Structures are given as structure tokens and as C-alpha cells.
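Chemist: What follows is a single structure, and I will ask about it in a moment.
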Amino acid sequence: MTANDEPQSPFLHALGVARELGRADGRLAAGFEPPGEPAPIGPWCHGLAPEDLARLVWDAGEGSVPAGLPLNAPLWYAQGFREALAGAGAALPRPRPGEEVPGGDRRPQHGGGARPAEPVRPPAPRRPEPTGRPADGGGGGVPGAPGAHAGQAMGPTASRVEGTGSRRTGNR
Numbered sequence: 001m002t003a004n005d006e007p008q009s010p011f012l013h014a015l016g017v018a019r020e021l022g023r024a025d026g027r028l029a030a031g032f033e034p035p036g037e038p039a040p041i042g043p044w045c046h047g048l049a050p051e052d053l054a055r056l057v058w059d060a061g062e063g064s065v066p067a068g069l070p071l072n073a074p075l076w077y078a079q080g081f082r083e084a085l086a087g088a089g090a091a092l093p094r095p096r097p098g099e100e101v102p103g104g105d106r107r108p109q110h111g112g113g114a115r116p117a118e119p120v121r122p123p124a125p126r127r128p129e130p131t132g133r134p135a136d137g138g139g140g141g142v143p144g145a146p147g148a149h150a151g152q153a154m155g156p157t158a159s160r161v162e163g164t165g166s167r168r169t170g171n172r
């Protein structure tokens, strides 16, 4: 007896059924999906929850559904669905250069590598580069640095913090 003559296990048969269901749904969906659009992804397979899909494809008739089938049947279904969509996309006639396809590629086309005339949004203003030398000879906004006074607010927010009446700074 060769490997081809041996009967297929019920588990592998159930996974094959899930894949064929996915292919059938993928062929059906290919007729409705606009070209170039990704297929919707969701938690359902053939309109069923994973446990229900496993029960549908498990036709051994005896006993309960094997533990791995609710986990693997949706994966095999999804693989069949993807295969059918890819096969349907490859079978579609390719548009001629310059021909518009309804629902086709919606990315902006920049002929010959040319850039768009204006950027989408203006660039942010650049901050001045720090020189490493503070203007007052102090600690340059670094607490504990030479020239920094204890309890004094430091850095660019110092003017906003001083005199705000904060209990933390001691000003009222």
C-alpha cells in the first residue's frame, strides 16, 4: 500500500473542506471587489464563528470536533479565500497604459519621477541650534549647573513659571 492509497485523516479532510469554502467565497467576492482594493478582513469565516465553521467542516459524524480544528479551519479558509482572490485578479485583463480603471489605483501619479508642485503641509519652523554657551554665563537652563540658583525656574519656561503664585516656587 502506497501513501496515495491510504485514506486521508478526517482532520485533514475537514481542513481541505474549509479551504474549498474559502476558495468559493473568494471567487464570489472577486466579482464584487473593486480592482486594487484589499479584501475586507474580519473575524468571521463563511459567515460563521470559528467554532461553528469547525462544526460545519467536521463531517466525521462521530465524536466531538477536535480541539485544533476551531483554530486551524479559519486559517485554511482564509488561505483559500486569498488564493481565489489572487487567481481572480491575475485573470483580469490588464489596462493599457494611460487607460483609467474605475476603482483602480488611487495613488497620485507623478509622471517621470516629478515631484508635486507644493508640499502637502508647510514645514515646521526650525528651532535655533544651542551654542553650548548660555548668554548670562550661568548654567544654561540645567539645574545644578554652575551659575544656576537653587529654587529658580530654569530654561525657556522660566518666565512663565516665575511670579505665577505657585506654592512650589514660593511666589505669591
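Under full-length UniProt numbering, the first residue of the sequence shown carries the number 1, and numbering increases by one thereafter.
Ideal Cβ positions, reconstructed from N, Cα and C, are used throughout, including at glycine.
What you are looking at is a predicted structure, and each value in this text was computed from that prediction instead of being measured.
#1: So, at 8 Å on beta carbons, what are the nonlocal neighbours of F81 in its own chain, with the 5 sequence-adjacent residues on each side left out?
#2: Whole angstroms is fine: what's the gap from D59's alpha carbon to Q8's?
#3: Going by DSSP, what residue range makes up the alpha helix (DSSP H) through V57?
#4: Assign P128 to one of three DSSP states: helix, strand, or coil.
#5: Looking at L69: is its Cβ nearer than 9 Å to the Cβ of A14?
#6: What separation, rounded to the nearest whole angstrom, lies between the Cα atoms of M1 and E33?
#7: Looking only at its chain, what residues have a beta carbon closer than 7 Å to the beta carbon of P66, apart from the 5 residues adjacent to it on each side?
#8: Distance check for E20 and A124, CA to CA, integer angstroms please.
#9: In whole angstroms, give me the CA-to-CA distance for G16 and R55.
#10: Rounded to whole angstroms, what is the Cα-Cα separation between E51 and G63?
#11: Straight-line CA distance for V57 to A84?
#12: Secondary structure at G16, three-state DSSP: helix, strand or coil?
#13: When you compare only the Cα positions, how much space is there between R127 and A49?
#14: Cβ atoms of A86 and G31: under 9 Å apart, would you say?
#15: Is F32 helix, strand or coil by DSSP?
#16: Starting from the C-beta of Q79, find all residues in its chain whose C-beta is less than 7 Å away, skip the five residues before and the five after it, and write them out in chain order.
Modeler: On the basis of the data shown:
#1: The sequence position of residue 81 within the sequence shown is 81, counting from 1. Hits under 8 Å: G22, R23, D25, G26, A29, A39.
#2: Walking along the sequence shown from the start, residue 59 turns up at place 59. Walking along the sequence shown from the start, residue 8 turns up at place 8. Spanning the two alpha carbons is a distance of roughly 13 Å.
#3: Locating residue 57 in the sequence shown gives position 57, where the first residue counts as 1. Here the alpha helix (DSSP H) through V57 covers 50-57.
#4: Taking the first residue of the sequence shown as 1, we reach residue 128 at position 128. Reduced to three states, the DSSP call for P128 is coil.
#5: Start at 1 with the first residue of the sequence shown, and residue 69 comes out as number 69. Start at 1 with the first residue of the sequence shown, and residue 14 comes out as number 14. Their beta carbons are under 9 Å apart, which means L69 touches A14 by this criterion.
#6: Looking up residue 1 in the sequence shown gives position 1. Looking up residue 33 in the sequence shown gives position 33. In this prediction, M1 scores a pLDDT of 46, lower than 50, which makes its location untrustworthy; the coordinate-derived value is nonetheless stated afterwards. If I take the Cα positions, the gap works out to 46 Å.
#7: Along the sequence shown, one-based indexing puts residue 66 at 66. Contacts found: F11.
#8: The sequence position of residue 124 within the sequence shown is 124, counting from 1. The sequence position of residue 20 within the sequence shown is 20, counting from 1. Approximately 54 Å between the Cα atoms of the pair.
#9: For the purposes of this step, residue 16 is taken as the residue at position 16 of the sequence shown. For the purposes of this step, residue 55 is taken as the residue at position 55 of the sequence shown. Near 14 Å, if we compare the C-alpha coordinates of R55 and G16.
#10: Counting from one through the sequence shown, the residue named residue 51 turns up at place 51. Counting from one through the sequence shown, the residue named residue 63 turns up at place 63. If I take the Cα positions, the gap works out to 15 Å.
#11: Counted from its first residue, the sequence shown places residue 57 at position 57. Counted from its first residue, the sequence shown places residue 84 at position 84. Answer to the nearest angstrom: the Cα atoms are 19 Å apart.
#12: As a working mapping, residue 16 is identified with position 16 in the sequence shown. Correct three-state label for G16: helix.
#13: For this step, residue 127 is matched to residue 127 along the sequence shown. For this step, residue 49 is matched to residue 49 along the sequence shown. For R127 and A49, the distance between alpha carbons rounds to 54 Å.
#14: Locating residue 31 in the sequence shown gives position 31, counting from the first residue. Locating residue 86 in the sequence shown gives position 86, counting from the first residue. No; because the gap between Cβ atoms is not below 9 Å, this pair is not in contact.
#15: As a working mapping, residue 32 is identified with position 32 in the sequence shown. Looking at F32 - three-state DSSP - the assignment turns out to be coil, as it is neither helix nor strand.
#16: Here residue 79 refers to the residue found at position 79 when the sequence shown is read from its first residue. Contacts found: R19, G22.
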